[in-house]
Amino acid sequence: MGIASASQTAARPLPRVALRYLPRAIYWLAVVAAAVALGAVLASMGARLFGYSPYVMYGGSMGSEAPLGSIAFMEDVPAESLNVGDVIVFRPPSSGEAREPVMHRIVSIEEVDGQRVVRTKGDANGSADPWELGLSGEGGRLVFSVPYVGYLLWFFQTRLAWAVVVLPLAAYLGFVALRRIWAPAGGRDAPTTQSP
62 MGIASASQTA
72 ARPLPRVALR
82 YLPRAIYWLA
92 VVAAAVALGA
102 VLASMGARLF
112 GYSPYVMYGG
122 SMGSEAPLGS
132 IAFMEDVPAE
142 SLNVGDVIVF
152 RPPSSGEARE
162 PVMHRIVSIE
172 EVDGQRVVRT
182 KGDANGSADP
192 WELGLSGEGG
202 RLVFSVPYVG
212 YLLWFFQTRL
222 AWAVVVLPLA
232 AYLGFVALRR
242 IWAPAGGRDA
252 PTTQSP
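Throughout, our numbering is defined as the position within the sequence shown, counted from one, plus 61.
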């Protein structure tokens, strides 16, 4: 005779229980992911309201001051107010196409023909940069940095993030919201009854 053991009988309902809670788990995962993404974007926008410009660190040349993947917040200051030790963002001089912005520390300042000329260096680099920069107008100076947040901002600027995360989550949350709106009132609020 084929008689199922107690352990086999108890194991059968588990997949149904897991499937029962799967939609709820996906929903809350979507809510958390959307909240984190929205929080990162709002923090970046909010920083601008206080006069700070966010700058994502794509390199590790600044070491622990502004590590790779962090987001650095810069303030615009007059060039004459910059001093040795300040960390600034600038575009390295180039004879060809404009290079990507770089964040390095000022290691020396000289006066050349009435203009301030600085040398820069990354904290994690062994030597100073090969160029000299003439300072004029205003520029960005580092105020503080927040680690890891830059990875999040960078990711959500890519097409992959929108195709794989943002749009599917938005569609799912929209579906859930519409389903709750269109659900009959009796179906949502009906009391549970137990048979005697």
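Ideal placement from N, C-alpha and C gives every residue a C-beta, glycine not left out.
Helix, strand or coil for residue i per DSSP?
| i | result |
| --- | --- |
| serine 169 | strand |
| arginine 241 | helix |
| arginine 152 | coil |
| glycine 290 | Residue 290 cannot be examined here, being either before or after the span of the chain that is shown, 62 to 257. |
| phenylalanine 259 | Because the chain in this structure spans residues 62 to 257, residue 259 falls outside the shown range and cannot be described. |
| glutamate 126 | coil |
| glutamate 141 | helix |
| tyrosine 119 | coil |
| glycine 100 | helix |
| alanine 67 | Because the pLDDT at alanine 67 is just 47, under 50, the model does not fix this residue reliably, and the value given afterwards should be weighed accordingly. Reduced to three states, the DSSP call for alanine 67 is helix. |
| tyrosine 113 | strand |
| arginine 160 | coil |
| glycine 200 | strand |
| alanine 108 | helix |
| glycine 211 | helix |
| alanine 222 | helix |
| alanine 91 | helix |
| alanine 86 | helix |
Could you round the C-beta distance between residue i and residue j to whole angstroms and report it? I think they count as a contact, below 8 Å.
| i | j | result |
| --- | --- | --- |
| serine 122 | alanine 189 | Incorrect: roughly 12 Å between the Cβ atoms, too far for contact. |
| tryptophan 192 | proline 153 | 6 Å |
| isoleucine 132 | valine 207 | 5 Å |
| glycine 200 | leucine 143 | 7 Å |
| glycine 112 | glutamate 136 | 6 Å |
What does the alpha-carbon distance come out to for the pair residue i and residue j?
| i | j | result |
| --- | --- | --- |
| phenylalanine 205 | arginine 240 | 44 Å |
| methionine 118 | tryptophan 243 | 46 Å |
| leucine 129 | glycine 120 | 5 Å |
| valine 179 | valine 138 | 16 Å |
| alanine 86 | tryptophan 223 | 21 Å |
| phenylalanine 216 | glycine 100 | 14 Å |
| methionine 164 | valine 227 | 30 Å |
| valine 97 | glutamate 172 | 47 Å |
| glycine 175 | glycine 146 | 21 Å |
| arginine 220 | valine 210 | 18 Å |
| serine 114 | leucine 103 | 13 Å |
| alanine 232 | tyrosine 88 | 11 Å |
| glycine 187 | leucine 83 | 52 Å |
| threonine 181 | tyrosine 116 | 18 Å |
Which residues in the same chain have their Cβ closer than 6 Å to the Cβ of residue i, if we skip the five residues on either side of it in sequence?
| i | result |
| --- | --- |
| leucine 234 | Ala91 |
| serine 197 | Ala140 |
Please confirm whether residue i and residue j have their CB atoms less than 7 Å apart.
| i | j | result |
| --- | --- | --- |
| alanine 94 | leucine 213 | no |
| isoleucine 149 | arginine 109 | no |
| arginine 177 | isoleucine 167 | no |
| phenylalanine 151 | leucine 194 | yes |
Got a sec? Which residues, its chain only, sit under 8 Å from residue i by beta carbon, not counting five neighbours each side?
| i | result |
| --- | --- |
| alanine 127 | Met118, Ala133, Val148, Met164, Leu203, Ser206 |
Please go through the same chain and pick out, in chain order, the residues whose beta-carbon is closer than 7 Å to the beta-carbon of residue i, but skip the five residues on each side of it.
| i | result |
| --- | --- |
| threonine 70 | Note that threonine 70 scores a pLDDT of 46, beneath 50, so its modelled location is shaky; the value from the coordinates is reported in the next line. For threonine 70, where only same-chain residues beyond five positions count, there are no Cβ hits under 7 Å. |
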